[in-house]
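Q: Using UniProt numbering, read the sequence shown as starting at 1 and increasing by one per residue.
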Amino acid sequence: MNVKSWSMSLASFSSLSFLLLFVYIKFNAVKEEGHLHRLPTEVICPDSIPNKPNSSQANPIGGAHGAHGGGIFFLETSDRTTPTFQAMCAVESAARANPTTKITIMMNGLTGNKPSRLRNFGISFLSCFSTVEFVPLDFKILFADTPLSAWYSEVERRWELVDYPTLSDACRLAILWKWGGVYLDTDFIIFKNLVNITNSMGLQSLYIINGAFLTFQPRHKFIEVCMRDFVNSYNYWLFGHQGPQLLTRVYKRWCRIRRLRDQHSCRGVNVLPKEAFYPIDWQDWRKYFEVMEQKEMETLLRNSYGVHLWNKKSQGHRLQEGSFLEHLQMKYCPTTNSLMKLYV
Numbered sequence: 001m002n003v004k005s006w007s008m009s010l011a012s013f014s015s016l017s018f019l020l021l022f023v024y025i026k027f028n029a030v031k032e033e034g035h036l037h038r039l040p041t042e043v044i045c046p047d048s049i050p051n052k053p054n055s056s057q058a059n060p061i062g063g064a065h066g067a068h069g070g071g072i073f074f075l076e077t078s079d080r081t082t083p084t085f086q087a088m089c090a091v092e093s094a095a096r097a098n099p100t101t102k103i104t105i106m107m108n109g110l111t112g113n114k115p116s117r118l119r120n121f122g123i124s125f126l127s128c129f130s131t132v133e134f135v136p137l138d139f140k141i142l143f144a145d146t147p148l149s150a151w152y153s154e155v156e157r158r159w160e161l162v163d164y165p166t167l168s169d170a171c172r173l174a175i176l177w178k179w180g181g182v183y184l185d186t187d188f189i190i191f192k193n194l195v196n197i198t199n200s201m202g203l204q205s206l207y208i209i210n211g212a213f214l215t216f217q218p219r220h221k222f223i224e225v226c227m228r229d230f231v232n233s234y235n236y237w238l239f240g241h242q243g244p245q246l247l248t249r250v251y252k253r254w255c256r257i258r259r260l261r262d263q264h265s266c267r268g269v270n271v272l273p274k275e276a277f278y279p280i281d282w283q284d285w286r287k288y289f290e291v292m293e294q295k296e297m298e299t300l301l302r303n304s305y306g307v308h309l310w311n312k313k314s315q316g317h318r319l320q321e322g323s324f325l326e327h328l329q330m331k332y333c334p335t336t337n338s339l340m341k342l343y344v
């Protein structure tokens, strides 16, 4: 086989591989959506919600506050409009630990939809918190006036090069650049108030920074440099290249270091120790589903603001009674935990 034929075969294989992956993702999303559609569409807000809205303070989709002014941001870059129980737990825990902080959930699926189609179990429940709002996630609008604008215009024409994780990596940078605040993945459980942490990221290991938690002031130069690296070093095929690896290589250049352990704070940017948000390594994700003594849990989490659940590994794993994860849910997202036991 000559080089040209080999290249064409490789391109065809790559396109087919992506198509199969895309179909798999969409199928599983539809499967989960179908499960959630069997739930009630309305939730009566329990008295245990600490900051319920009153009737004149209802939380409409795309409310007047919009996504401006910082606060805590969650993203849904797929077209899903039904928050999963895991996402509900993440938002509830963040709302309880940060009762005076606005929480904005940006959803791609809300863009162009009629509000009457969007009321569902998850949105109804999370709207019980007066600090939580849902807004449409329009990629073109979000990336406008950022270094990511031209990149998105280009890859949008080649849809096969845009997937949900890559879009999420780009969106969180644009959000923090424009408005500042805290970005969190929806597979977190938050324990403590995050208001006093700024211009910070979390160490996943000795070798890499994870972007599941990020907090920066608006227009911070570090985020600008990250966006420019995102475009200039763009490589869709390398897993994590646009996310954790990007943050790691930019921080090393930012601080002029070769190893992360050489410096955890420089030029106004901080890297928090792994205990802060990643006390359990991704390789050990099964620990969340194991029974753990109370003293061991307290020791493990004594320096943590929250825990990342490594959804790519743990999703679909059934929660066991008395497990580490169940204790976390009962304590930090108790209403979601109760609803989950009622309906799952």
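All C-beta atoms in this analysis are idealised placements derived from N, C-alpha and C, irrespective of residue type, glycine included.
Computed from a predicted model, the values in this text were never measured in an experiment.
Compute the Euclidean distance between the alpha carbons of Lys331 and Val344, then round it to the nearest angstrom.
A: For the purposes of this step, residue 331 is taken as the residue at position 331 of the sequence shown. For the purposes of this step, residue 344 is taken as the residue at position 344 of the sequence shown. Those two C-alpha atoms are separated by around 19 Å.
Q: Where DSSP assigns a beta bridge to Met107, which residues make up the other side?
A: Position 107 of the sequence shown, counted from the start, is the residue given in the question as residue 107. Glu76, Pro136, per the DSSP bridge assignment.
Q: Under 8 Å: do the stretch 185-196 and the stretch 88-97 share three or more Cβ pairs, one atom per stretch?
A: Touching, yes.
Q: Taking the alpha helix (DSSP H) that Ala170 falls in, what are its first and last residues?
A: If you number the sequence shown from 1, residue 170 lands on position 170. Note, Ala170: alpha helix (DSSP H), 164-179.
Q: For the alpha helix (DSSP H) that Ser200 lies in, which residues bound it at each end?
A: Taking the first residue of the sequence shown as 1, we reach residue 200 at position 200. Per DSSP, Ser200 belongs to no alpha helix (DSSP H); it is in the beta strand (DSSP E), 200-203.
Q: Kindly confirm or deny that the stretch 100-113 and the stretch 204-217 touch, where touching means at least three C-beta pairs closer than 8 Å.
A: No: fewer than three Cβ pairs fall under 8 Å.
Q: Please report how far the alpha carbon of Ile61 lies from the alpha carbon of Glu133, in whole angstroms.
A: In the sequence shown, residue 61 corresponds to position 61, counting from 1. In the sequence shown, residue 133 corresponds to position 133, counting from 1. A caution first: Ile61 carries a pLDDT of 48, below 50, which makes its placement in the model unreliable, though a value can still be read off. Each residue's Cα considered, the two are about 7 Å apart.
Q: Check whether the Cβ atoms of Ser338 and Phe289 sit closer than 7 Å, and answer yes or no.
A: For the purposes of this step, residue 338 is identified with residue 338 of the sequence shown, where counting begins at 1. For the purposes of this step, residue 289 is identified with residue 289 of the sequence shown, where counting begins at 1. Their beta carbons are not under 7 Å apart, which means Ser338 does not touch Phe289 by this criterion.
Q: Quick one: any contact between the stretch 71-84 and the stretch 167-179, if contact means 3 or more CB pairs under 8 Å?
A: A contact exists between the stretch 71-84 and the stretch 167-179.
Q: In this structure, how does DSSP classify Lys233 when only helix, strand and coil are distinguished?
A: Residue 233 sits at position 233 when you count from the first residue of the sequence shown. Checking the sequence shown, residue 233 turns out to be Ser, not Lys. Looking at Ser233 - three-state DSSP - the assignment turns out to be coil, as it is neither helix nor strand.
Q: When you compare each of Ile197, Ser48, Pro165 to Ala276 by their alpha carbons, which one comes out closest?
A: Residue 276 sits at position 276 when you count from the first residue of the sequence shown. Comparing Cα positions, the closest option is Ile197.
Q: Can you have a look at Ala97 and say buried or exposed, based on whether 16 or more other CB atoms are within 10 angstroms of its CB?
A: One-based indexing of the sequence shown puts residue 97 at position 97. It counts as buried.
Q: Determine the DSSP secondary structure at Ile223, reduced to helix, strand or coil.
A: Translated into the one-based positions of the sequence shown, residue 223 becomes position 223. Reduced to three states, the DSSP call for Ile223 is helix.
Q: I need the straight-line Cα distance from Ser168 to Met201, nearest angstrom please.
A: Here the question's residue 168 lines up with position 168 in the sequence shown. Here the question's residue 201 lines up with position 201 in the sequence shown. Taking the straight line joining both Cα atoms gives about 16 Å.
Q: So, helix, strand or coil for Ser265, using DSSP?
A: Reading the sequence shown from its first residue, position 265 is the one you call residue 265. Ser265 falls in the strand class under three-state DSSP.
Q: Would Met106 and Val135 qualify as a contact pair, given that the criterion is a beta-carbon distance under 7 Å?
A: Taking the first residue of the sequence shown as 1, we reach residue 106 at position 106. Taking the first residue of the sequence shown as 1, we reach residue 135 at position 135. Against a cut-off of 7 Å, the Cβ pair of Val135 and Met106 comes out as a contact.
Q: Which partner residues of Tyr183 appear in the DSSP bridge assignment?
A: Counting from 1 along the sequence shown, the entry for residue 183 is found at position 183. Tyr183 is bridged to Phe73, Leu214.
Q: Identify every residue that forms a DSSP beta bridge with His308.
A: Numbered from 1 along the sequence shown, position 308 holds the residue referred to as residue 308. Beta-bridge pairing links His308 to Phe188.
Q: Give the DSSP-derived three-state secondary structure of Ile123 in the structure shown.
A: Translated into the one-based positions of the sequence shown, residue 123 becomes position 123. The answer is helix: DSSP assigns Ile123 an H, G or I state.
Q: Of all Cβ atoms in chain C, is any one closer than 7 Å to the Cβ of Asn196?
A: Note that chain C does not occur in the displayed structure, where there is just one protein chain.
Q: Determine, using beta-carbon pairs with one atom in the stretch 296-307 and one in the stretch 233-246, whether at least three such pairs fall under 8 Å.
A: Segments in contact, no.
Q: Report back the beta-carbon spacing between Leu246 and Phe230 to the nearest angstrom; my notes put them in contact at under 8 Å.
A: Walking along the sequence shown from the start, residue 246 turns up at place 246. Walking along the sequence shown from the start, residue 230 turns up at place 230. 6 Å between Cβ atoms; contact.
Q: What does Ser130 pair with, by DSSP beta-bridge criteria?
A: Within the sequence shown, numbered from 1, the residue matching residue 130 stands at position 130. Bridge partners of Ser130: none, in fact.
Q: In the DSSP assignment, find the unbroken alpha helix (DSSP H) run with Thr336 in it and report its ends.
A: To locate residue 336, count along the sequence shown from 1; it is residue 336. Looking at the DSSP string, the run of the alpha helix (DSSP H) that includes Thr336 is 334-343.
Q: With DSSP run on the structure shown, which of helix, strand or coil describes Ile209?
A: The sequence position of residue 209 within the sequence shown is 209, counting from 1. Strand.
Q: So, are the CB atoms of Arg261 and Leu206 less than 7 Å apart?
A: To locate residue 261, count along the sequence shown from 1; it is residue 261. To locate residue 206, count along the sequence shown from 1; it is residue 206. Yes, these two residues count as a Cβ contact at 7 Å.
Q: What residue range is occupied by the uninterrupted alpha helix (DSSP H) comprising Trp151?
A: What you label residue 151 is simply residue 151 of the sequence shown in a count that begins at 1. Its alpha helix (DSSP H) spans residues 149-157.
Q: Can you tell which of Asp281, Val291, Glu298, Met292 has the C-alpha that lies nearest to the C-alpha of Asn311?
A: Taking the first residue of the sequence shown as position 1, residue 311 is located at position 311. The residue with the shortest Cα to Cα distance from Asn311 is Asp281.
Q: Helix, strand or coil for Ser314 per DSSP?
A: Within the sequence shown, the letter at position 314 stands for residue 314. Helix.
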